[in-house]
Amino acid sequence: MAKPSATKLSGFSGKLTTWQLTAGSAAFGLVIAAGAVAAAGPWDSSGQRTAERDRAASQEAWGGADHAGRTPGSAPEAAPSAPSVLAGLGAPAGVAPAPTDSALAEVLDPLLRDPALGPERSAVVLDAASGKQIYGKGGNDGLTPASTIKIATAVAALSAVGPDHRIATKTVIEPDSSDVVLVGGGDPTLTARKDGRYTDTAASLRTLAEDTARSLKSRGIDEIKLSYDTSLYSGPAQHPIGPNENITPVSALMADEGRLDDSSSGPAPRAGDPAGEAAKKFAGFLADEGIKTKPSKSAPASSKASDRAESLAKVESPPLSALVERMLTHSDNDIAEALARQTAVAAKEPVSFDGAGKAVRAALDKQDLPLSGAKFADGSGLDRADRISAELLAALLDHAADPGRPELRSVVTGLPVAGFTGTLVDRYPKDSPGTGVVRAKTGTLTGVNSLAGTVVDADGRLLLFAFMTTGTTDPQSAQKALDHMASTVANCGCR
47 MAKPSATKLS GFSGKLTTWQ LTAGSAAFGL VIAAGAVAAA GPWDSSGQRT
97 AERDRAASQE AWGGADHAGR TPGSAPEAAP SAPSVLAGLG APAGVAPAPT
147 DSALAEVLDP LLRDPALGPE RSAVVLDAAS GKQIYGKGGN DGLTPASTIK
197 IATAVAALSA VGPDHRIATK TVIEPDSSDV VLVGGGDPTL TARKDGRYTD
247 TAASLRTLAE DTARSLKSRG IDEIKLSYDT SLYSGPAQHP IGPNENITPV
297 SALMADEGRL DDSSSGPAPR AGDPAGEAAK KFAGFLADEG IKTKPSKSAP
347 ASSKASDRAE SLAKVESPPL SALVERMLTH SDNDIAEALA RQTAVAAKEP
397 VSFDGAGKAV RAALDKQDLP LSGAKFADGS GLDRADRISA ELLAALLDHA
447 ADPGRPELRS VVTGLPVAGF TGTLVDRYPK DSPGTGVVRA KTGTLTGVNS
497 LAGTVVDADG RLLLFAFMTT GTTDPQSAQK ALDHMASTVA NCGCR
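Right, dumping it as structure tokens:
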């Protein structure tokens, strides 16, 4: 195979090599491990395989690993098997040369000095195949990560709870009574909508009402006293930032993330009492099924189901791996806090902000990750008290990219694809060398900008990077500078 060119800083060609086009939107494991070349089927959960797919289809921003929005009942588009794609490359995965430390420093050092990155900045680049650090500046410094902390939340939840775990929302009835309790299990994606994005995969409050009504009628009950149980969670429900359109008060029971419009991601008006609102909707759905609630003019009250309560019905969320993908692709704060609390449940810690932080740290500590100076004040990154180093972010990605840890796979498949999906859909122009080959989690707060993910360089080598800045004054310039750094790595063989 002819060796692809490795243009450095002076000449962004804007053209991707065959290696990059194929490997960039392929799953990380097939790039790193030669043995994975023999695997067939989609490389990530959407079946997306190459960056040269029709751009018009890709620009929906619903594609990539986050494949919701399909027609209900339909499957992701079939893709050719991995061997037929890689055979044309003329070399097995994992043999592309790695960049050298000095050559990578030559192109990244000037970019890291960009004034747009503020007074505090750090950067780490790892070689995914070997795990070796090939670039590092201030990598041990604990900085405010903003939403890149969601990578840590995801790794902790997947490790502690498992990728196949589903979060249940259920109804129970107290013995010898008609007292029915709607019990929240911590699924923020539970939906009350008939249709729209994610409704084909999310647990349905309507379905729960239908199944509950059927169970009640089988017992000869058509009138109940309805209450709801959010006792799984403890501590303050309100995030420390206060009422905010980026997050609903954290509750074990909510529908559609407490959104008061028809959105499924991004800022939106939020319910102040998401559990109460969900219970009201549930009562309405029960009425549609012929089940009356008493007193008829009162909203359901909060209660706690007893240990003797009998099950009526339940619905379950998509698997945790799918929730991780949705969280990372759209930087979903509500899902992030829910995943941190699922980690706390597994660790038998208080299911609160504090307990979740302890549980996340403990789950990561078991994996021998560099946690010095790390602080997990929340799961979403909205809290400025969070601290993470670029070294830790890169190490988390290294774990997720390890073929020996398949349970973490959705951490990488859920990362937004530059110019194509999620929070990176509008950040990379069509002719950028990073478009389609950078997959990264963004992080943005006032004065804080970060970017961490994977990139395939001009020689087809998969690299892991974490770039962090604090004290920025122009967020757009800071984002462009970070994107430029990732694109430089994509455009560089650096040997």
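Sequential numbering from 47 applies to the sequence shown in our numbering.
Where is the CB? At the ideal position from N, CA and C, for every residue including glycine.
- By the Cβ test, the segment 242-255 is not in contact with the segment 284-296, since fewer than three Cβ pairs between them sit closer than 8 Å.
- One Cα belongs to Pro452, the other to Ala440, and the distance between them is close to 18 Å.
- Closest by C-alpha distance to Ser310, out of Asp210, Ala255, His376, is His376.
- A residue is called buried when at least 16 other Cβ atoms come within 10 angstroms of its Cβ; Arg316 meets this threshold and is buried.
- Thr469 is positioned such that its CB atom lies no closer than 7 Å to that of Thr481.
- Under the DSSP assignment, Ala486 falls in the beta strand (DSSP E) whose first and last residues are 484-491.
- Annotation for Met300: no alpha helix (DSSP H) segment contains it, and DSSP assigns it neither H nor E.
- Sequence-distant partners of Ala255 (beyond 5 residues in either direction) whose C-beta falls short of 7 Å from its own C-beta, in its chain, are Phe328, Phe331, Leu332, Glu335.
- Judged by beta-carbon spacing, Gly231 lies beyond the 7 Å limit of Ala203, meaning their Cβ atoms are not closer than that value.
- Contact between Arg167 and Thr515 is confirmed by a C-beta separation of about 5 Å, below the 8 Å threshold.
- Annotation for Asp173: the continuous beta strand (DSSP E) segment containing it runs 166-173.
- Taking all protein chains in view, the Cβ of Pro341 is surrounded by fewer than 16 other Cβ atoms within 10 Å, so the residue is classified as exposed.
- Taking C-alpha positions only, Ile337 is separated from Ile270 by approximately 7 Å.
- Rounded to whole angstroms, Tyr274 and Ser349 show a C-alpha spacing of 6 Å.
- Asn290 sits in a strand when the DSSP states are folded into three classes.
- Nearest Cα to Thr253 within the set Leu358, Ala174, Leu272: Leu358.
- In terms of Cβ geometry, Asp432 and Pro234 do not form a close pair [threshold 7 Å].
- The segment 318-325 and the segment 290-304 touch, with no fewer than 3 CB-CB distances between them shorter than 8 Å.
- When beta bridges are read from the DSSP output, Val226 appears opposite Ile219, Leu272.
- Only residues of its own chain outside the window of five on either side were considered, and among them Lys271 have a CB closer than 6 Å to the CB of Asp225, listed in chain order.
- The DSSP-derived three-state label of Gly188 is strand.
- A direct Cα-to-Cα measurement between Gly419 and Leu438 gives close to 10 Å.
- Around the beta-carbon of Glu356, fewer than 16 other beta-carbon atoms lie within 10 Å, marking it exposed.
- Per DSSP, the unbroken alpha helix (DSSP H) holding Ile195 starts and ends at 195-206.
- When secondary structure is reduced to three states using DSSP, Leu358 falls in the strand class.
- Judged by DSSP in its simplified three-state form, Ala214 adopts strand.
- By the 16-neighbour rule on beta-carbons within 10 angstroms, Gln522 is exposed.
- Following the DSSP letters along the chain, one finds Leu154 inside the alpha helix (DSSP H) bounded by residues 147-158.
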